[in-house]
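>
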Amino acid sequence: MPKPDKGAPPRASPPHTPPPGTESEAEAADEAGVSAVEMGTYKCCIFFTRRFALGDTTTPEDVRVLFSRFAGGSPYMGADDLRRYLAAWGGADGEVAEQVVDRVLQDRSRTPRFGRPALTVDDFMHFLFSEDLNPPLRHSKVHQDMNAPLSHYFIYTGHNSYLTGNQLSSDCSDAPIIKALQIGVRVIELDIWPNSSKDDIDVLHGRTLTAPVSLIKCLRSIKEYAFVASPYPVIITLEDHLTPDLQAKVAKMVLEVFGDILYYPESKHLQEFPSPEALKGRVLLSTKPPKEYLEAKGGTMKDREIEPQFKKGEREEAAWGVEVPDIQDEMQIADRSEDDILYHERGLDDNDSQKVCKHAAPEYKHLITIKAGKPKGALVDALKNDPDKVRRLSLSEQELAKVAARNGPNIVSFTHRNMLRIYPKGTRFNSSNYNPFLGWVHGAQMVAFNMQGHGRALWLMYGFYKANGGCGYVKKPDFLMQTCPDGKVFDPKADLPVKATLKVKIYMGEGWHKDFKQTHFDSYSPPDFYVKVGIAGVPLDSVMRKTKAVEDNWVPVWEEEFAFPLTVPEIAVLRVEVHEQDVSEDDFGGQTALPVEELRPGIRAVSLFDHKGHKFRNVKLLMRFEFT
Numbered sequence: 141m142p143k144p145d146k147g148a149p150p151r152a153s154p155p156h157t158p159p160p161g162t163e164s165e166a167e168a169a170d171e172a173g174v175s176a177v178e179m180g181t182y183k184c185c186i187f188f189t190r191r192f193a194l195g196d197t198t199t200p201e202d203v204r205v206l207f208s209r210f211a212g213g214s215p216y217m218g219a220d221d222l223r224r225y226l227a228a229w230g231g232a233d234g235e236v237a238e239q240v241v242d243r244v245l246q247d248r249s250r251t252p253r254f255g256r257p258a259l260t261v262d263d264f265m266h267f268l269f270s271e272d273l274n275p276p277l278r279h280s281k282v283h284q285d286m287n288a289p290l291s292h293y294f295i296y297t298g299h300n301s302y303l304t305g306n307q308l309s310s311d312c313s314d315a316p317i318i319k320a321l322q323i324g325v326r327v328i329e330l331d332i333w334p335n336s337s338k339d340d341i342d343v344l345h346g347r348t349l350t351a352p353v354s355l356i357k358c359l360r361s362i363k364e365y366a367f368v369a370s371p372y373p374v375i376i377t378l379e380d381h382l383t384p385d386l387q388a389k390v391a392k393m394v395l396e397v398f399g400d401i402l403y404y405p406e407s408k409h410l411q412e413f414p415s416p417e418a419l420k421g422r423v424l425l426s427t428k429p430p431k432e433y434l435e436a437k438g439g440t441m442k443d444r445e446i447e448p449q450f451k452k453g454e455r456e457e458a459a460w461g462v463e464v465p466d467i468q469d470e471m472q473i474a475d476r477s478e479d480d481i482l483y484h485e486r487g488l489d490d491n492d493s494q495k496v497c498k499h500a501a502p503e504y505k506h507l508i509t510i511k512a513g514k515p516k517g518a519l520v521d522a523l524k525n526d527p528d529k530v531r532r533l534s535l536s537e538q539e540l541a542k543v544a545a546r547n548g549p550n551i552v553s554f555t556h557r558n559m560l561r562i563y564p565k566g567t568r569f570n571s572s573n574y575n576p577f578l579g580w581v582h583g584a585q586m587v588a589f590n591m592q593g594h595g596r597a598l599w600l601m602y603g604f605y606k607a608n609g610g611c612g613y614v615k616k617p618d619f620l621m622q623t624c625p626d627g628k629v630f631d632p633k634a635d636l637p638v639k640a641t642l643k644v645k646i647y648m649g650e651g652w653h654k655d656f657k658q659t660h661f662d663s664y665s666p667p668d669f670y671v672k673v674g675i676a677g678v679p680l681d682s683v684m685r686k687t688k689a690v691e692d693n694w695v696p697v698w699e700e701e702f703a704f705p706l707t708v709p710e711i712a713v714l715r716v717e718v719h720e721q722d723v724s725e726d727d728f729g730g731q732t733a734l735p736v737e738e739l740r741p742g743i744r745a746v747s748l749f750d751h752k753g754h755k756f757r758n759v760k761l762l763m764r765f766e767f768t
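Per my numbering, the sequence shown starts with residue 141, numbered consecutively.
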């Protein structure tokens, strides 16, 4: 296995640029008199120091073989040679071989002395290790059919989109709404309540200690940022706790703010949802079953003294360390309860629904495009299709797990035409999240997440919606939309054959010495990095594997390969995490998640992100993907 030459002189590094949203650790190191070329020197005790050279990394043998093959055995790869490589393996969209050669030589400050510009094997390695020039995903733009009904798509969905932190005492603001829209979220949830004087509307998490924000401020921010990341429709889900007169005021606000971009149907009930393409640049309203604030029982959160659940100094981002639960385990746990779940947690039965609708402001009802049904009785009955209209049903993650344990195909069948929204259970006070595949494998379009939270589950959400150009709409695979001649639909619990095997080879990584100060991972020596890599998806496909730890090296070389058999590759996500091995508790070194169906075969540069989802400036891995 090729390893860095520790005896080689340390290489110079470009000036540090910190990851967005994080403290510049390297700048702190520079202020302390530690430059990038000196980051291999560590103080031990008082009397002596240990010196570790960064050294030039050895180019992987696979890269040398690839270079030699396309360069025809020559020490130089010209533009024509690179063009043949790009034709065989692909690169960034719209790449032209001559431009790539010029870009690489410019990046490496090399000017050819004579003849046409050409790449050496080190230049070729630089090209492969550049995500701008050699990205891991095949598509940077929308490439799926966007003309099917909305129910045919997974839609990037937020939960309590206005909260800045935990569910009980954080501030409400339009800032997290703006942030969500900027990363491509398409469904924004607002809980609307009368203000203290009962003459206007606030957005807040009801009966908690959260400080409100005005509805009009949220609506204006949604209009301003709705389409900065995607041209496809934004859906505003309203959890309505208002009297009819305030509902009428909401209707007036919505019409004034959105004007012509607000879409609402002419007919009372839709028989089929419009398509994302038809709704480009439009805003839609959807409703949730009200919690009947006028008849709320149990007092306020303050009365119940919920606030002490958050200890002083507790860091919510510590939740990143919690592993994503297995959805099979979740369904088994839910199924142990012998009680039938009745649909009452989020709202009303049919009779009460009719009473509420009867008194609702007509101008408000007219603006609602995606109406939430409020069925009566057992939850499985709520999944029955109505041939005359489509609707949306909301279930908690616990309700979904319960009904999925015994009636998974019923859920899949319901989502062929109707919308299913899944939301986090009420005890997730710290804004943590659940395994989104619990909803996705059953065809749920709106798997609602606390986007203001952190953690592995949210990393999967980020990765999943990198698909289809990051537009926030990912078309559901055909098997989730098909009904067989015998009436059967996809069963998420069925034993399925392996469709493909993904082979992943992890060559090396770099960039930590530029984005972190010298002693971030270890006070006395360079870090000992290892990689965890695996698949998130259906239970049969979900697995995590691990490389060995490479000791005392800022530029670790692993050269380890793993094979992942996939039964449902269409919705699988590749998980990658880097950790630094420590005696007590391993440190976090970066992560990413990538949609398997859009992986570009070949050797690729894979950038890593911090635990909050911010991309590091320099930290990345060199990996190879192969499908068999």
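We treat Cβ as the ideally placed atom computed from N, Cα and C, and that holds for glycine.
Enumerate in chain order the residues of its own chain whose CB-to-CB distance from R546 is below 7 Å, with the five nearest sequence positions on each side excluded.
If we look at R546 and ignore the five residues flanking it on each side, its Cβ neighbours are D475.
> How many whole angstroms separate the CB atoms of P696 and F669, which I take to be in contact at a CB cut-off of 8 Å?
Confirmed, Cβ separation roughly 5 Å.
> For V205, does the count of other Cβ atoms within 10 angstroms reach 16, so buried, or fall short, so exposed?
Under this definition V205 is an exposed residue.
> Helix or strand or just coil, what does DSSP make of A682?
According to the sequence provided, residue 682 is Ser. The question's Ala does not apply to it. Coil at S682, not helix or strand.
> Between which residues of its own chain and A320 is the CB-CB distance below 6 Å, once the five residues before and five after are set aside?
So the list reads G298, S301, M591, once near-sequence residues are dropped.
> Using the rule of at least 16 other Cβ atoms within 10 Å of the residue's Cβ for burial, across every protein chain shown, is S249 buried or exposed?
The residue in question, S249, is exposed, as its Cβ has fewer than 16 Cβ neighbours within 10 Å.
> To which residues does DSSP link S534 through a beta bridge?
Answer is R561, bridged to S534.
> Which class does F264 belong to by DSSP, given the choice of helix, strand or coil?
Of the three classes helix, strand and coil, the one that applies to F264 here is helix, per DSSP.
> Does the beta-carbon of Y837 have 16 or more other beta-carbons within 10 angstroms, so that it is buried, or is it exposed?
The chain is shown from 141 up to 768; residue 837 falls before or after that span and cannot be answered.
> Within the same chain, show all residues whose beta-carbon is closer than 7 Å to that of F619, passing over the 5 residues directly before and after it, in chain order.
Around F619: F630.
> If you reduce the DSSP assignment to three classes, tell me which class C358 lands in.
Three-state DSSP puts C358 in a helix.
> CB I341 to CB I362, shorter than 8 Å?
No; because the gap between Cβ atoms is not below 8 Å, this pair is not in contact.
> Can at least three beta-carbon pairs, one atom from the stretch 565 to 579 and one from the stretch 302 to 319, be found at a separation below 8 Å?
Cβ pair count under 8 Å is three or more, so yes.
> Hey, quick one: how far does the beta strand (DSSP E) through S747 stretch, first residue to last?
Counting along the chain, the beta strand (DSSP E) containing S747 begins and ends at 742 to 749.
> Tell me whether N758 is buried or exposed, calling it buried when 16 or more other Cβ atoms sit within 10 Å of its Cβ.
N758 comes out buried.
> Using only the alpha-carbon positions, how far apart do V778 and A258 sit?
The requested residue 778 is not part of the displayed model; the chain covers only 141 to 768.
> Can you check DSSP and say which residues form a bridge with Y574?
BP columns for Y574 are empty, so no partner.
> Nearest-angstrom Cα distance between T509 and A584?
Each residue's alpha carbon lies about 18 Å from the other.
> Less than 8 Å between the C-beta atoms of V353 and C312, yes or no?
Taking 8 Å as the Cβ cut-off, V353 and C312 qualify as a contacting pair.
> May I ask you to verify whether the stretch 258 to 271 touches the stretch 214 to 233, counting CB pairs closer than 8 Å and requiring at least 3?
Yes, since at least three Cβ pairs between the stretch 258 to 271 and the stretch 214 to 233 fall closer than 8 Å, the two stretches touch.
> Express the C-alpha separation of M601 and G399 in angstroms, rounding to a whole number.
Cα to Cα, G399 sits roughly 32 Å from M601.
> Counting only the same chain and skipping the five closest in sequence on each side, list residues whose C-beta sits under 8 Å from that of R243.
For R243, where only same-chain residues beyond five positions count, the Cβ hits under 8 Å are L273.
> Let's see if you can read the secondary structure: which residues bound the beta strand (DSSP E) around P289?
Note, P289: premise wrong, no beta strand (DSSP E); not H, not E.
> Whole-angstrom Cβ separation of N573 and L598, contact assumed at under 8 Å?
So it is a contact: roughly 5 Å between Cβ atoms.
> Go ahead and pull the three-state DSSP assignment for L507.
Here L507 sits in coil by DSSP.
> Out of Y613, E379, P384, which one is the CA nearest neighbour of K338?
When each option's Cα is compared against that of K338, the closest is P384.
> For a test of the three-state rule: what should DSSP assign to E163, helix, strand or coil?
Any reading at E163 needs caution, since the residue's pLDDT is 43, under 50, leaving its predicted position unreliable; the model's value is listed next. Residue state, collapsed to three classes: coil.
> Going by beta carbon distance, what residues of the same chain come within less than 6 Å of V423, once the five residues before and after it are set aside?
For V423, where only same-chain residues beyond five positions count, the Cβ hits under 6 Å are V374, F398, I401, L402.
> Quick check: E737 and A634, are their CB atoms within less than 8 Å of each other?
No, they are not a contact pair.
> Residues in the same chain with beta-carbon distance under 8 Å from W580, minus the five sequence neighbours each way, listed in chain order, please.
If we look at W580 and ignore the five residues flanking it on each side, its Cβ neighbours are F294, V587, F604, I711.
> Entirely within the stretch 583 to 641 and at least 3 residues each: give me those beta strand (DSSP E) ranges in chain order.
As far as the stretch 583 to 641 is concerned, its whole beta strand (DSSP E) runs of at least 3 residues are 586 to 589, 613 to 615.
> Does the Cβ of K639 lie closer than 7 Å to at least one heavy atom of the ligand ZN?
The model on display carries no ligand, and the ligand ZN is accordingly not part of it.
> Is the stretch 533 to 542 close to the stretch 607 to 616, with three or more CB pairs under 8 Å?
No, the stretch 533 to 542 does not touch the stretch 607 to 616.
> With 16 other CB atoms within 10 Å as the buried threshold, where does L434 fall?
In this prediction, L434 scores a pLDDT of 35, lower than 50, which makes its location untrustworthy; no coordinate-derived value is stated.
> Assuming contact is defined by CB atoms lying nearer than 8 Å, are A211 and R223 in contact in what I supplied?
No, the Cβ-Cβ distance between A211 and R223 is not below 8 Å.
> Report buried or exposed for F767, applying the criterion of at least 16 other Cβ atoms within 10 angstroms of its Cβ.
With fewer than 16 Cβ atoms within 10 Å of its Cβ, F767 is classed as exposed.
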